[in-house]
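Trainee: Structure incoming, see below.
Residue numbers (this note's numbering), protein chains in the order written: chain L, 94 to 223; chain C, 16 to 501.
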């Protein structure tokens, strides 16, 4: 059973976002996503400074099965990316909600997070898929 | 052991060695190699044994059932090889004048005509030398068409998620943005989502029909209407042409451009990155943009047409006219079949697929689209086996090798979890299909009683289960000599 964390927000396309107090938010893929993809072998992170709109494909996660676009749940400016993924992409498999984070945004509209799924809403998406 | 590792200085195959060295005095000293090329130095017998042993490790259509979905691994008739290797074809120089190659040009012209007729398209170019190049040419023609009409706002290509995986890549290669259209639960394109997606930004849609979920999209005429009404063009990916050959024509469905994989439907050898052929066919409005060269008939003569006569052509894709040896094999294959034979190809490929699907369903396996008739291929999902037995689709696939069957395509298309995409083709006997069903049943029984046996498979192959994670994370692509290679 895939883990879903209560303090995060989610998308139907299996990204999670954690909103911080300072106007930034961190994005990654969910435990369910890493499990479905299998062993991750490469991650392409966005460029720091890039302006992104909600729903833009801005990272690519490649596993032994498939290469998948990662869509940013929120609009904003990329302020930091997880450099450790370059050499250890398996961090996403080991810790999808922790060390396997992908990038951090300065969020353009903090209110937009209310349009995302909460943990219960995402759990319902997962239940519908099974 | 690599052949390089067998090398010993000074050892050679005297009978095979060249009698003289080429004169290199006209090559500038700066461009000449200082040290000799690192080639293995082995005896003739060592070379013969090495490559014979390698060939015996092949898992090929000549040795095994090969139901690799979406790849159409049908038998390659020997007659095609024999005739394509006639000395008149083999010895012809590609720069020889047209008057010295009328036989070859006649074959190519007839092949163009046969492909036109069987697909219902207005014109065909044989130039693309692979399926991917055919896709590139097809999308490049869509781009050229809109540009010629000064319609620069068309920046998007729609790609259903059940399309062939190369489609979005081809769209992006030609400068478009690929926009995904979902598939409904019945396997057809989601029409409501399509209606929402089309607009003045739509350059076209790339469809594989039957799609990679193994069903024929029943709404194709409606889809064509929606996309055409929005000003877009329809691209037909010929990956699954084997299912409809001689029965339904993409031109009649409303498609504007199609590529055909001759190495699939027309039975030329494929695999291993070897030569392919991806001819493109177009509707009348796209004809000016076809890649060159093309073969035309002038009275009793045949000749090449180049960009001089086709100023709007997207241009050349290769130095000469495409992969001649492959085009000739396809020509012979098409001539041997004839119009009636082509129909039988699609009839028997779909019959074999439906027989196999029905037997597997009866044996308790889950078809991904059980309510739909299969095309020439179908999907079973091992989701239940993975959940209940802890043995997944990949384990089944690997264990099939021990039973003497090539694995079906695994984990593609991505929208069906734990899937095996199975394409038996028309050239298998019922007995072979029955044996394949028996093997899958036996493997499922093993998964119940001895799951480790299945999870550790294959056990009888020259190489065991590969560590594909390590292979992808630590790329090791080149053999390096310890001494001479830097």
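The beta-carbon is built from N, C-alpha and C at its ideal position, and this holds for glycine as well. Computed from a predicted model, the values in this text were never measured in an experiment.
1) Taking 7 Å as the threshold (beta carbon to beta carbon), is residue 488(C) in contact with chain L?
2) Using 10 angstroms around the beta-carbon of residue 109(L), count the other beta-carbons present and answer buried if the total reaches 16, otherwise exposed.
3) Interface residues of chain C around residue 158(L) at Cβ under 8 Å?
4) Residues in the region 125–138 of chain L with C-beta within 8 Å of chain C's C-beta atoms, listed in sequence order?
5) Just mark residue 317(C) as buried or exposed, buried being the case when its beta carbon has 16 or more other beta carbons within 10 Å.
6) What is the rounded straight-line gap between the Cα of residue 66(C) and the Cα of residue 420(C)?
7) Beta-carbon separation of residue 210(C) and residue 241(C) under 7 Å?
8) Under a Cβ-count criterion, where at least 16 other Cβ atoms within 10 Å of its own Cβ denotes burial, should residue 23(C) be classed as buried or exposed?
9) Taking the runs of the alpha helix (DSSP H) that are 4 residues or longer, which of them lie wholly in the region 316–381 of chain C?
10) Would residue 482(C) count as contacting chain L if we go by Cβ distances under 7 Å?
11) With a Cβ-Cβ cutoff of 7 Å, do residue 389(C) and residue 369(C) count as a contact?
12) Identify whether residue 52(C) lies in helix, strand or coil by the three-state DSSP scheme.
13) To the nearest angstrom, how far is it from the Cα of residue 433(C) to the Cα of residue 469(C)?
14) Taking just the CA atoms, how far does residue 51(C) sit from residue 500(C)?
15) Around the Cβ of residue 90(C), are there at least 16 other Cβ atoms within 10 angstroms (buried) or fewer (exposed)?
16) Take the Cβ of residue 351(C) as the centre, count every other Cβ of all protein chains shown within 10 Å, and call the residue buried at 16 or more, exposed below.
17) According to the Cβ coordinates, are residue 342(C) and residue 141(C) closer than 7 Å?
18) Helix or strand or just coil, what does DSSP make of residue 115(C)?
19) Is the beta carbon of residue 169(L) sitting closer than 7 Å to the one on residue 199(L)?
20) So is residue 217(L) in contact with chain C if we call contact Cβ pairs under 7 Å?
21) Helix, strand or coil: how does DSSP classify residue 75(C) here?
22) What separation, rounded to the nearest whole angstrom, lies between the Cα atoms of residue 39(C) and residue 326(C)?
23) Excluding five sequence neighbours on each side, which residues of the same chain lie with their C-beta closer than 6 Å to the C-beta of residue 136(L)?
24) Out of 43(C), 393(C), 280(C), 272(C), which one is the CA nearest neighbour of residue 259(C)?
25) Taking the alpha carbon of residue 203(L) as the reference point, which residue from 149(L), 162(L), 166(L), 159(L) has its own alpha carbon closest?
26) Any idea which residues DSSP pairs residue 219(C) with across the strands?
27) Does residue 103(L) come out as helix, strand or coil in the three-state DSSP assignment?
28) Using the Cβ count rule (16 or more neighbours within 10 Å means buried), how would you classify residue 82(C)?
29) Using only the alpha-carbon positions, how far apart do residue 315(C) and residue 278(C) sit?
30) With a threshold of 6 Å on Cβ separation, who are the neighbours of residue 506(C) within its own chain once the five nearest residues in sequence on each side are excluded?
31) Output needed for residue 173(L): all residues of its chain with C-beta closer than 6 Å, excluding positions within five of it in sequence on either side, in chain order.
32) For residue 196(C), list the residues DSSP reports as bridge partners.
33) What runs of the alpha helix (DSSP H), each 4 residues or longer, lie entirely inside the region 379–456 of chain C?
Mentor: Concretely, from the data shown:
1) yes
2) buried
3) 426, 429
4) 129, 132, 134, 135
5) buried
6) 23 Å
7) yes
8) exposed
9) 339–377
10) no
11) yes
12) coil
13) 15 Å
14) Reliability of the predicted coordinates at residue 500(C) is poor, the pLDDT of 44 falling under 50, and no value is obtained from them.
15) exposed
16) exposed
17) yes
18) helix
19) yes
20) no
21) coil
22) 40 Å
23) 154, 178, 182
24) 280(C)
25) 166(L)
26) 172(C), 248(C)
27) strand
28) buried
29) 30 Å
30) Absent from the structure is residue 506(C), since the part of chain C shown begins at 16 and ends at 501.
31) 197
32) 175(C)
33) 398–404, 408–417
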